[in-house]
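Below you'll find the structure, written out as structure tokens, and then a few comments.
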Amino acid sequence: MKKLFGFLILMLFAFSVVSAIEISEEHKGNVLIRDMESSVDFTLNVGGAESGFYNVYTLSDVVIAPADTFIVSEPDFERNFTILPTENLNIEGYYTFTYTLNHRDVEKYDKKFTVKVMNLADAIEIGSDSIDPTSGKVKFYIQNKENFSLENISGKFSSVLFDVEETFDLSPMGTTWIDVDVDEEKLKITKAGTYIIDGEIETLGGTKVANGKLYLGEKKGITTKETKAGFLIRSNTISKINVGNVAETVEIEDRKNIFSRLFSTFSIEPTSVERKGFVVDYSWTGRIDPTEDFTVEIRTNYIFPFLIIILAGLIIVGFKRYTESRIEVTKSVSHIKTKNREFALKVKVSVRAKKGVENLSLIDKIPGMVKVYKKFGIIKPDKFDVDNRRLQWNLGDLRAGEERILTYIIYSRVGVMGKFSLPAALAVFEKEGKLHEVDSNTVFFLSDQVKTA
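In our numbering, the protein residues as written are 1411 to 1863.
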């Protein structure tokens, strides 16, 4: 017995030591660009490690390098790793995978890491500022909208004014500018406006298309940004952003059905509201200067209708159960005083027939910590199952409107503190040859009594 107890103590100590290890990562970015030589660098910080041989690996669609085994001699250490995509990583968006810090032949620790997998065309923006038609030069940019870096990217760019091939680098959240010499005469005769820049980027998976806009003369442009969030309280924020250099009049539109409109609020009152059958169209109009935005937040609160539906359902179910139930069983409890100041409760169970029933029996369970006082009320129980601690009354047939009241006393020589709960009583009866069961309510007694005997 002593050996077994010592072994359990040893196991608990070993488990507490193993569980004390802390693992975290530090990384500047988490973006992987498909079909490019893209990677994510991170530093693994470990605290409370045991000495030994370790390695880090993953069984997902990415590779963690280096995969070599390394020696840990201090409890706290850090180590740099690189995440590389494999050919099997064919998704776009957020990808969460599990990696394992493996204490060789001792313990394995699993952690989650999330990377953002994107196409290069979605991660960059190609555009230009307003071009002076008299300058004889065109300058456009390639902006990295994400936190990653790539080097020696080859691409072809063409528009109404130029065709050019360039090799460039992308720094995290950085912008690369490309200067292009153009025919001055062609520049002069080209009308002011917005033109498409057709970009073709060379990747490991072939040529990928990434287009942008070239602004000649006046720089005009409105960017629309829409953000949706929430489930029961849905928020839809729509912004019109003036990325040009002249004032613009913008319009925001939204549509609601006749139900959702009742629970919707707006950050700005609509300019116009038009009802079409079962839908309502809202529109907002505003004029914004350069770099300004016109934003409308639309909030639809579905909590109230959701609660109304649930409440209505509960009422319907409760009413149905109440109307279909043939008997009603109500249980109550009250505290009584004894000569020896023992803890004692009087339990009262009322059984009322709403419709006629046959062979009615009532069963009530006694909590384990109390005893039953052997003197009962007017109607004594027909059976007291000591082993299962159950009282049973065989009440026979009841006509509609008849009621039976059953009482008994429970007591305990040990004081009770706090909440003392009693289980629900169970009524069993027959009707038209079928057995039916009905539970009473559950009751409890709040006591601040201290042990008195």
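C-beta: ideal position from N, C-alpha, C; glycine also.
Keep in mind it's a predicted model, so treat the numbers as computed, not measured.
Check your understanding: Nearest-angstrom Cα distance between Arg1665 and Ser1677?
Key -> 15 Å
**Study point:** Beta-carbon proximity check, Phe1704 vs Lys1650, cutoff 7 Å
**Key:** Taking 7 Å as the Cβ cut-off, Phe1704 and Lys1650 qualify as a contacting pair.
**Study point:** Given Asn1440 as reference, the closest of Gly1457, Ala1459, Lys1518 and Lys1522 once Cα atoms are compared
**Key:** Lys1522
Point to revise | alpha helix (DSSP H) runs contained entirely in the region 1493-1576, provided each spans 4 or more residues | key: 1530-1533
Exercise for review: Leaving aside the five residues before and after Val1757 along the sequence, list all residues of the same chain whose C-beta is less than 6 Å from its C-beta, in chain order.
Suggested key: Val1743 and Tyr1818
Check your understanding: Quick one: what's Glu1355 bridged to in DSSP?
Key -> The chain is shown from 1411 up to 1863; residue 1355 falls before or after that span and cannot be answered.
**Study point:** Among Thr1617, Ala1837 and Leu1571, nearest to Tyr1605 - alpha-carbon criterion
**Key:** Leu1571
Check your understanding: Does DSSP classify Val1727 as helix, strand or coil?
Key -> helix
Check your understanding: For Ser1677, which three-state DSSP category applies?
Key -> coil
**Study point:** Delimiting residues of the beta strand (DSSP E) encompassing Thr1617
**Key:** Gly1616 to Leu1626
Review point. So, helix, strand or coil for Lys1412, using DSSP?
Key: In this prediction, Lys1412 has a pLDDT of 48, which is less than 50 and means its spatial position is unreliable; what the coordinates show is noted afterwards. Looking at Lys1412 - three-state DSSP - the assignment turns out to be helix.
Check your understanding: Considering only residues of the same chain and omitting the five flanking positions on each side of Ile1776, which have a CB-CB separation below 8 Å?
Key -> Counting only Cβ-Cβ distances below 8 Å, and skipping sequence neighbours, we find Val1782, Arg1799, Arg1800, Leu1801 and Ile1820.
Check your understanding: Expressed to the nearest angstrom, what Euclidean distance is found between the alpha-carbon atoms of Asn1711 and Gly1503?
Key -> 29 Å
Point to revise | The beta strand (DSSP E) enclosing Thr1604, as first and last residue numbers | key: Gly1603 to Thr1613
Practice item. Please go through the region 1788-1819 and give each complete beta strand (DSSP E) segment of 3 or more residues, from N-terminal end onward. Key: 1793-1795 and 1800-1808
**Study point:** Endpoints, the beta strand (DSSP E) within which Thr1852 is located
**Key:** Run containing Thr1852: none; DSSP gives neither H nor E here.
**Study point:** Cα-Cα separation between Gly1537 and Gln1553, rounded to whole angstroms
**Key:** When the Cα atoms are used, Gly1537 and Gln1553 turn out to be separated by approximately 8 Å.
**Study point:** Unbroken beta strand (DSSP E) run spanning Arg1667, endpoints
**Key:** Note on residue identity: the sequence assigns Asn, not Arg, to residue 1667. That run of the beta strand (DSSP E) goes Glu1658 to Asn1667.
Point to revise | Unbroken beta strand (DSSP E) run spanning Val1739, endpoints | key: It spans Ile1737 to His1745 - the beta strand (DSSP E) in which Val1739 sits, taken as one unbroken run.
**Study point:** Nearest-angstrom Cα separation, counted from Ala1810 out to Asn1769
**Key:** 14 Å
Exercise for review: Classify Arg1709 as helix, strand or coil using the three-state DSSP reduction.
Suggested key: strand
Point to revise | Contact set for Ser1461: own chain, Cβ-Cβ below 7 Å, skip 5 residues either direction | key: If we look at Ser1461 and ignore the five residues flanking it on each side, its Cβ neighbours are Val1482 and Ser1483.
Review point. So what does DSSP say about Leu1420, is it helix, strand or coil?
Key: Model confidence at Leu1420 stands at a pLDDT of 47, short of 50, so the residue's coordinates are unreliable and nothing is read from them.
Practice item. Under 7 Å Cβ to Cβ from Lys1793, same chain only, skipping five residues before and after it: list those, please. Key: Only Gln1802 meet the Cβ criterion.
Check your understanding: In whole angstroms, what is the alpha-carbon distance linking Asp1573 and Met1446?
Key -> 24 Å
Review point. So does the region 1465-1474 actually touch the region 1508-1516, counting three or more Cβ pairs closer than 8 Å?
Key: yes
Check your understanding: If we count Cβ pairs, one from each stretch, closer than 8 Å, do we get three or more for the region 1488-1505 versus the region 1447-1455?
Key -> Counting Cβ pairs under 8 Å, three or more are found: they touch.
Review point. Ends of the beta strand (DSSP E) at Asp1451?
Key: Val1450 to Gly1457
Check your understanding: Thinking C-alpha only, which one of Thr1701, Pro1582, Lys1747 and Gly1766 is nearest Ser1448?
Key -> Minimum Cα distance to Ser1448 is reached at Pro1582.
Practice item. Would you kindly report the start and end of the unbroken beta strand (DSSP E) that includes Leu1672? Key: Where Leu1672 is concerned, there is no enclosing beta strand (DSSP E), given that its DSSP letter is neither H nor E.
Check your understanding: DSSP three-state call for Ala1580: helix, strand or coil?
Key -> A quick correction: the sequence has Leu, not Ala, at residue 1580. Leu1580: strand per DSSP, three-state reduction.
Practice item. From the DSSP output, in three-state form, read off Ala1834 for me. Key: coil
Check your understanding: Buried or exposed: which applies to Arg1444, given that a residue is buried once 16 or more other Cβ atoms fall within 10 Å of its Cβ?
Key -> buried
Point to revise | Residue range of the unbroken beta strand (DSSP E) whose run includes Phe1786 | key: That residue, Phe1786, is in no beta strand (DSSP E); it is neither H nor E in DSSP.
**Study point:** Per-residue DSSP class, three states only, for Leu1597
**Key:** helix
Exercise for review: For the region 1618-1633 and the region 1680-1693, state whether three or more C-beta atom pairs, one from each stretch, are separated by less than 8 Å.
Suggested key: no
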